[in-house]
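The structure appears below as structure tokens.
2 protein chains.
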Amino acid sequence: MRQSALFSATTRDVSSEETAVNAILLTKGGYVRKVSAGVYAYLPLGLRVIRKISDIVRRELDALPNTSEIQMTNLQPRELWQETGRWDDAGMREIMYRVGDEQAYGLGATHEEPVTDLFRQFFHSYRELPIATYQIATKFRGELRAKSGLMRGREFLMKDLYSFHLTPEDLDAYYEQVAAAYLRIYQAMGLKAIRTQASGGVFTTIPSDEFQVVTPVGEDTIYVNEAGDHALNEEIATQEEAAARGYTRTEKATEVGNIFHLETKYTAAMKAEIATADGARVTPVMGCYGLGISRVMGVLVELMGSLEQGAIRWPKSVAPFAVHLIDLTKDKVGEAVYQDLRAAGVDVLYDDRDLTAGAKFGDADLVGASVRVVVSPRSLEAGGAEVVPDWANHPERKEVITLGELATRLA
Amino acid sequence: MRQSALFSATTRDVSSEETAVNAILLTKGGYVRKVSAGVYAYLPLGLRVIRKISDIVRRELDALPNTSEIQMTNLQPRELWQETGRWDDAGMREIMYRVGDEQAYGLGATHEEPVTDLFRQFFHSYRELPIATYQIATKFRGELRAKSGLMRGREFLMKDLYSFHLTPEDLDAYYEQVAAAYLRIYQAMGLKAIRTQASGGVFTTIPSDEFQVVTPVGEDTIYVNEAGDHALNEEIATQEEAAARGYTRTEKATEVGNIFHLETKYTAAMKAEIATADGARVTPVMGCYGLGISRVMGVLVELMGSLEQGAIRWPKSVAPFAVHLIDLTKDKVGEAVYQDLRAAGVDVLYDDRDLTAGAKFGDADLVGASVRVVVSPRSLEAGGAEVVPDWANHPERKEVITLGELATRLA
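If you're matching them up, the sequences are chains A and B in order.
For the first sequence, the working numbering assigns the number 1 to the initial residue and increments by one for each residue that follows.
For the second sequence, the working numbering assigns the number 1 to the initial residue and increments by one for each residue that follows.
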């Protein structure tokens, strides 16, 4: 697309309220704009990154057995939440917005009740289980102290997956498949996530698993093993206990996903029963699996962005565009190249604006496309366009490619 | 995908509260499930239709000049709405939910204020105009009488586009491009929409344009011209006046889109000024363009669904799946065919369930895939699979294709 058509602007002046690196860089680059504390609008570049992350998540989850995507609602009837007692729960009262006449609805802070309600309406026989479903949807949470930019907000995008099983063993098998899918998801986005044992919460003795990424700005402390592929959250062990179990390295880390055994907490409270082969009725066990899509975008910027350089070095898989075509000629020689690239199906952003080279390169560093193509009087003299094939990792490697060859080479 | 993996179920018993054909058929088919009056969860089939409609809309809007997609927020600060006076407007008070401590937010019922706020932050020079942006996003409206299934809800999916221009002439030119894009969008979905002049509302003397589809269940009355491509809404003319202007046919119709001149109502109230070439400052004029995504899904079912036949004859472009593979063999001969079709990139739903042929065909009529493929003992005896290439329009046309050829023929 044309850069002149983006409904956004890069900016040097970011409100001093923004202290998180991700919020500052994403605002500077015109990816997002803060609407209110913890509430961000996604501008064209930001929406493209969100969509690429979502597509990676979908690809892995759609490959899980008996798993399909749905879209639940944000208006959730009070009655559903009263069935599990969470409507009057102090913790939920704090984070769940209530709307409508006489507070008829809670605004989707999480979806265990609605998904269990759908489950009990659709599934009645052991033949139909296991079954699982996920959504990628907006969540609303009345966080008192919304902070950390996209990493903890009042309105944010999350993937939540729920599974239903006849036996704990069957749940365990699915749970492990999800854990493996999560690791592939993070790997595809260039994140090294460590599976980390953590507390299961108040209603189960089974620990949960977090996926943690090591970073100095992390809000969690974890103890990592020698191989660096498993860890314990400090909430479930002291440093000494962890070390005794082989978790010897202490790190700051940030959570990018969390998977839980819910046992029968919701299915029992909401009377979701399944008939077994021998005619008995059992209450299925349930797992839930969260992954914050907008949070992951924030984490990626924390790790791959640089305030000093004013740059975001996105991994190729989630960069807003694959190719950034920067036109520095007076007579827009790049226009024909842009048309060629589009015709060849290349995911290209064309900087067609009347700005100085300096301004264009400054913006390009914030766009962080994998391949940078510059068409300038100098590059034309050298025989074509100057191409940086892997800008994020090797900004110094350049080659000149003739304009005629560009589309074939980059397609 | 496998039909056994869908997180939904077809049902014969639909609550008698549902009176609209679209709600009854979509519930029967397992596309949606009512959560509360005017609030529907989208199940896998429904979400697929929504996504196909959205993609058609995106394809046309992305081709408009200076137009890009964003995602605004549903939490909208009260202060923005106070700037235009709509926070205390009686009509808006009725439909806009308020949330948060001391009603800090309105819940996105429409987005003129937030989009104008973004515009005034990003754009300051005549060089940057015209500029336009759209989103496909959830809207919340406290409709007192939510009815008509997906056609009028409290939580629904809408595409809203906004454009900003230096002059009314420039807005008019863009407006006509949008109108043409809308007609292409409806045509791509098999809808014959008629451009219909309607009232512009309270703050402009310029009429708006609705896109109306003729149907006996329509809530509007329109006067259509001889050619059948233009109409007047009865709200702006009597039958006699209309007839005198050549609009001689009276029809019931339902609105599937609406485009407006907003003039400077929002840009003036919110002080969005643009510097002109000669250093003056002007208030840009604005257009807005709505298209209800979930509403269109409802309209399609009203027109193409049949309660008597228990069938939805989707147009090919929006059917939840292109191909429905129905396996009636005991030993699941269809499994290998399914793998072949998937490998060939075919958008296929595989009915792998242990149900009677009658139950499977009944469900298939509600899925309404364009191509139906049946693998049964009888079809195998005849040499392969029985294929209905255009089930919606010619359910009687069938041919036998060998299993080995299927993937190549259907890819």
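Each residue gets a CB set at the ideal place from its N, CA and C atoms; glycine is no exception.
All figures in this text were calculated on a predicted structure; none of them were measured in a lab.
Chain B residues whose Cβ lies nearer than 8 Å to that of residue i
i: A/A138; result: Looking at the sequence itself, residue 138 of chain A is Thr, so the reference to Ala does not match. Those are N74 and T138, listed as they occur along chain B.
i: A/S416; result: A query on residue 416 of chain A cannot be resolved here, the shown segment of chain A reaching from 1 to 411 and no further.
i: A/V155; result: A quick correction: the sequence has Glu, not Val, at residue 155 of chain A. Near A/E155 (Cβ distances below 8 Å), the residues of chain B are T73, N74 and L75.
i: A/M1; result: D62 and S68
Contacting residues, own chain, Cβ-Cβ under 6 Å from residue i (five flanking each side not counted)
i: A/L191; result: V213
i: A/I206; result: G200 and H261
i: B/E251; result: V214, I222 and V224
i: A/E263; result: T204 and V285
i: A/P168; result: V285
i: A/L161; result: Y134 and Y289
i: A/Y182; result: F211 and G257
i: B/G246; result: N225
i: A/G149; result: A20, N22, A23 and G298
i: A/V374; result: I326 and E386
Cross-chain neighbours of residue i in chain B, by beta carbon under 7 Å
i: A/T67; result: A5
i: A/S36; result: L75 and P77
i: A/L47; result: E69, I70 and Q71
i: A/Y97; result: V99 and G100
Those residues which DSSP pairs with residue i across a bridge
i: B/I194; result: B/Q212
i: A/L61; result: A/L61 is not bridged to any residue.
i: A/A181; result: Looking at the DSSP assignment, A/A181 forms no beta bridge with any residue, so it has no partner.
i: B/M158; result: B/A137 and B/G292
i: B/L75; result: B/L107
i: B/F164; result: B/I131 and B/M286
i: B/A385; result: B/I401
i: B/R2; result: B/Y350
i: B/R98; result: B/G106
i: A/S125; result: A/A275
i: A/R152; result: A/K147
Own chain partners of residue i with C-beta closer than 8 Å, once the 5 adjacent residues on each side are dropped
i: B/A277; result: Y126
i: A/G362; result: T10 and G310
i: A/G371; result: Checking the sequence shown, residue 371 of chain A turns out to be Val, not Gly. For A/V371, where only same-chain residues beyond five positions count, the Cβ hits under 8 Å are A322, V323, H324, V387, V388, P389, D390, W391 and L410.
i: A/F7; result: L43 and P44
i: B/L235; result: As written in the sequence, residue 235 of chain B is Glu, which differs from the Leu given in the question. Excluding sequence neighbours, B/E235 sits near A198 and S199.
i: B/Y105; result: L75, Q76, P77, R78, R98 and V99
i: B/R342; result: V348
With 16 other Cβ atoms within 10 Å as the buried cut-off, status of residue i
i: B/Q135; result: buried
i: A/Q71; result: buried
i: B/K139; result: buried
i: B/Q76; result: buried
i: A/H394; result: exposed
i: A/D327; result: buried
i: A/E241; result: exposed
i: B/D351; result: buried
i: A/D331; result: exposed
i: A/E302; result: buried
i: B/P130; result: buried
i: B/Q3; result: buried
i: B/Q197; result: buried
i: B/L144; result: exposed
i: A/K28; result: buried
i: A/A180; result: exposed
i: A/D88; result: exposed
Amino acids of chain A, ordered along the chain, whose beta-carbon sits closer than 9 Å to that of residue i
i: B/P168; result: Correct list: empty, because the minimum Cβ distance to chain A is about 21 Å.
Partners in chain A for residue i, counting only beta-carbon separations shorter than 7 Å
i: B/S8; result: F122
Contacts that residue i makes with chain A (C-beta to C-beta distance below 8 Å)
i: B/A41; result: I70, Q71, M72, T73, P114 and L118
Amino acids of chain B, ordered along the chain, whose beta-carbon sits closer than 9 Å to that of residue i
i: A/P44; result: S68, E69, I70 and T133
i: A/G142; result: V99, G100 and D101
Beta-carbon contacts of residue i that lie in its chain and below 7 Å, excluding the five residues immediately before and after
i: B/L307; result: V21, I24 and L25
i: B/L409; result: Going by the sequence as given, residue 409 of chain B is Arg instead of Leu. Cβ within range, chain order: I401.
i: A/I56; result: I185, A188, M189 and S317
Near the ligand NAD: residue i beta-carbon under 7 Å from a heavy atom
i: A/G153; result: In terms of ligand content, the structure shown is empty, and the ligand NAD therefore cannot be addressed.
message: Quick check on the DSSP output: what are the complete beta strand (DSSP E) runs of length 3 or more inside the region 320-375 of chain B, in order along the chain?
response: 323-327, 348-351 and 371-375
Continuous alpha helix (DSSP H) assignments of at least 4 residues falling wholly in the region 198-254 of chain B: 239-244
- request: Enumerate, from N- to C-terminal direction, the unbroken alpha helix (DSSP H) stretches of 4 or more residues contained entirely within the region 244-318 of chain B.
  value: 265-269 and 293-304
- request: Output the residue ranges of the beta strand (DSSP E) runs that lie fully inside the region 10-70 of chain B and measure 3 residues or longer, sorted by chain position.
  value: 32-36, 39-42 and 67-69
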